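Asks:
There are 2 protein chains.
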Amino acid sequence: MLGKRHNVLAGAIEGGGTKFVCAVGSSPHNLSWTEFPTGDNPIRVLAQVTDWLNEQQRERGALQAIGIGSFGPLDLHPGSPTYGYITSTPKPGWRNTDVMGAVRRAFPEIPIGFDTDVNAAALGEYFWGNTSGLSDFVYVTIGTGIGAGGVAGRQLIHGLVHPEMGHMLLPRVHGDTFAGVCPYHGACWEGLCSGPALLKRSGMLAEALPPEHEAWALETQYIAYAVANIACMLSPQRVIIGGGVGNAGRLGQNQFFRLIREKTRAALSGYIASPALCEEIGDYIVPPHLGDNAGICGALALAQIALNDS
Amino acid sequence: MLGKRHNVLAGAIEGGGTKFVCAVGSSPHNLSWTEFPTGDNPIRVLAQVTDWLNEQQRERGALQAIGIGSFGPLDLHPGSPTYGYITSTPKPGWRNTDVMGAVRRAFPEIPIGFDTDVNAAALGEYFWGNTSGLSDFVYVTIGTGIGAGGVAGRQLIHGLVHPEMGHMLLPRVHGDTFAGVCPYHGACWEGLCSGPALLKRSGMLAEALPPEHEAWALETQYIAYAVANIACMLSPQRVIIGGGVGNAGRLGQNQFFRLIREKTRAALSGYIASPALCEEIGDYIVPPHLGDNAGICGALALAQIALNDS
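Residue numbers (our numbering), protein chains in the order written: chain X, -16 to 293; chain G, -16 to 293.
1. Taking only the alpha-carbon atoms, compute the straight-line gap between X:GLY163 and X:PRO271 and give it to the nearest angstrom.
2. When the cut-off is 8 Å and only beta carbons count, does G:ILE206 lie next to chain X?
3. Alpha carbon to alpha carbon, how far is X:PHE19 from X:GLY76?
4. Let me see if you follow: with CB-CB separation under 8 Å, is G:ILE255 close to chain X or not?
5. Considering only residues of the same chain and omitting the five flanking positions on each side of G:ALA109, which have a CB-CB separation below 8 Å?
6. List in chain order: all unbroken beta strand (DSSP E) runs of 3+ residues lying wholly within the stretch 75 to 119 of chain X.
7. If you draw a straight line from the alpha carbon of X:GLY52 to that of X:GLY278, how long is it in whole angstroms?
8. Kindly provide the ranges of any beta strand (DSSP E) runs that are 3 or more residues long and lie completely inside the stretch 142 to 221 of chain G, ordered along the chain.
9. Distance, Cα to Cα, X:SER218 vs X:ASP34?
10. With X:LYS2 as the anchor, note down where its beta strand (DSSP E) starts and where it stops.
11. Counting Cβ pairs closer than 8 Å, one from the stretch 140 to 151 of chain G and one from the stretch 212 to 232 of chain X, do we hit at least three?
12. Tell me, to the nearest whole angstrom, how far the beta carbon of X:PRO94 is from that of X:SER293; I am working on the premise that it is less than 8 Å.
13. What's the C-alpha gap between G:GLY62 and G:LEU36?
14. Can you check which of these residues, G:ILE206, G:ALA189, G:ASN(-10), is closest to G:VAL228 by C-alpha distance?
15. Measuring from the CB of G:GLY50, is there a heavy atom of the ligand GTP at a distance below 7 Å?
16. Considering only residues of the same chain and omitting the five flanking positions on each side of X:VAL101, which have a CB-CB separation below 7 Å?
17. Enumerated in chain order, which unbroken segments of the beta strand (DSSP E) with a length of 3 residues or greater are wholly contained in the stretch 218 to 287 of chain X?
18. Report, in whole angstroms, the separation of the C-beta atoms of G:ALA48 and G:LEU290, which I expect to be a contact under 8 Å.
19. Taking CB distances under 8 Å as the criterion, tell me whether X:PRO94 reaches chain G.
20. Any idea which residues DSSP pairs X:GLU18 with across the strands?
21. Which first and last residues belong to the alpha helix (DSSP H) in which X:ILE26 is found?
22. With a threshold of 8 Å between beta carbons, is X:PRO146 in contact with chain G?
23. Does any C-beta atom of chain B lie closer than 8 Å to the C-beta of G:GLY142?
24. Name the chain G residues whose beta carbon is nearer than 9 Å to that of X:THR70?
25. Does any CB atom of chain X fall closer than 8 Å to the CB of G:GLN138?
26. For the beta strand (DSSP E) that contains X:SER293, what are its first and last residues?
27. Figure out for me which residue from G:GLU(-3), G:PHE239, G:ALA209, G:GLY55 has the closest Cα to the Cα of G:MET106.
28. Which one or two residues does DSSP pair with G:GLY(-2) in a beta bridge?
29. What three-state label does DSSP hand X:ALA135 in the structure shown?
30. Return the CA-CA distance between X:GLN40 and X:GLN287, expressed in angstroms with no decimal places.
31. Can you pull the chain G residues whose beta carbon is under 8 Å from the beta carbon of X:ARG155, in chain order?
32. Would you please state the rounded distance, in angstroms, between the beta carbons of G:ALA6 and G:TRP16? I believe it to be under 8 Å.
33. Counting only Cβ pairs nearer than 9 Å, list the residues of chain X close to G:ASP119.
34. Opposite G:VAL123 in the DSSP bridges: which residues?
35. If we ignore side chains and look at the alpha-carbon of each, how far apart do G:ALA170 and X:ALA200 end up?
36. Please state the DSSP three-state secondary structure of G:ALA289.
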């Protein structure tokens, strides 16, 4: 369960497709940070990460636990021979990488928490952000890819593997023939709405795209379809949307969220009779309170709850 | 959690759009049954139900608990003033009906479990059927409407309201212009694939539709898109599909499931690297072990676990 967190000095590792962020502290308010480019050599970057954590330990005192939130797909089944691995990623050099093992060998005596980057971010928002006190919510990141972490009944959702919500299939906006960029599904959510999709559709990065460009109208419409589906499937009490595209560049975050809320409400057509999905939808679909730090704060939370299982 | 069931004599009520099924027993193997048409007079049918349960109690001994699995939408929040009500249903006469209160007044001394018909069915399959031992799974019923109950981390999913998976939005099969029958969303999953949708599309009931009719190809394709989305969103270890359309009439259940499995695998394109979604998909998408009795057996299970909270 999410409820039991220990406020102790811990290490946090956020493994992303571009960089590994590392931090040490006991809360988001007293973190020391650093980062390393992810590159294509996992042995090197994981050594940089563990060396830095060791240095911090000498400066700030003994770490009580370490949390790792990583890009995936991951093996999250404690009984499995590849538990703690990044498994079938297309990312060069990273396929079948034993991330947890590398950290475990450097810190053999302390509990280590391991989960997806998006499950970690969901947890970060639960402890220090926008979902505090809720039992059911979803954290979505829209950037290089689209991923989501989900909490149901105060537990992170794992199941068969872990959710891959970015690959859900969506209806097409009438007249939109863009083929999408997902190598597996073409026009799945990620294929239609990730940063690379927006770039391919418009020829511009999200940061540069003018607010009146049609690509923003399509982007927010597809996100709204996806949020409507999340509401139907998981019945969350809140949906948080972060990530680079979620920062919404020149469109502005206010307008981005206003459009998504309006279109989600339209897509649901009042079927689910809850104020949260009608007049209170402004509190239902929100940016992360922790902003771009949700992931690393979540890794810290993973560390602190790992003590429960140790 | 789902794990704690008490094998005691209990009452079970399955409230459906057409009929209310009632049963008394301690397991699916020793149930006495009856049923009453749902009609448009909740006071009458709920009196019939509670009178019958009282008769059974005189014959078979004191009921230790009662479980109710009902069509919805329902208020499932124990603190709410309308907890235990059917809320915003379009079903004539049933809007804002205090189902649980009617049963509580007749049986004031014993615990009463209350959940959606599909959550109940999911629970029935967990205790006596096809999902025993699993932590994450989904039960889908395709009939007059489409609904689904989900279990994540050995808990039924509730959240804001409860899942309404039948209303997820799906991509269109190229060239299919059928408008769908959902009064809220037109061509959502239920709008495209429920029994009434199949009837409107083909002019025939599922039972009569020839196996080679194009409507079966579309039906199984859209179900496959929906199951692929369920796999991406909830990462279940198994998906059970029941209900009247799930019996598949002249197409036959074997062929119906073979088509859905094949098309789900194609829709996922190997992205989620799990044997369950590739070579073992025959065990992943299955009919209910309890057949049409999953719902009433699930209501019995709701009764038996209600003792935990009492």
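For glycine and all other residues, C-beta sits at the position ideal for the given N, C-alpha and C.
Remember, it's a predicted structure, so these values are computed and weren't measured experimentally.
Replies: Reading it off the structure:
1. 27 Å
2. no
3. 16 Å
4. yes
5. Here residue 109 of chain G is Tyr; the residue named in the question, Ala, does not match the sequence. If we look at G:TYR109 and ignore the five residues flanking it on each side, its Cβ neighbours are LEU(-15), SER115, LEU117, PHE120, VAL134, ALA284.
6. 95 to 99
7. 7 Å
8. none
9. 42 Å
10. 2 to 8
11. yes
12. 4 Å
13. 27 Å
14. G:ALA189
15. In terms of ligand content, the structure shown is empty, and the ligand GTP therefore cannot be addressed.
16. TYR122, THR124, GLY130, ALA131, GLY132
17. 221 to 225
18. 5 Å
19. no
20. X:VAL4
21. 25 to 43
22. yes
23. Included in the structure are the protein chains X and G, with no chain B among them.
24. ALA256
25. yes
26. Segment: none, X:SER293 is in no beta strand (DSSP E) and carries neither H nor E.
27. A quick correction: the sequence has Leu, not Met, at residue 106 of chain G. Checking every option, the nearest Cα to that of G:LEU106 belongs to G:GLU(-3).
28. G:PHE3, G:SER53
29. strand
30. 16 Å
31. PRO154, ARG155
32. 5 Å
33. ILE140, HIS141, GLY142, LEU143
34. G:ALA131, G:ILE224
35. 22 Å
36. helix
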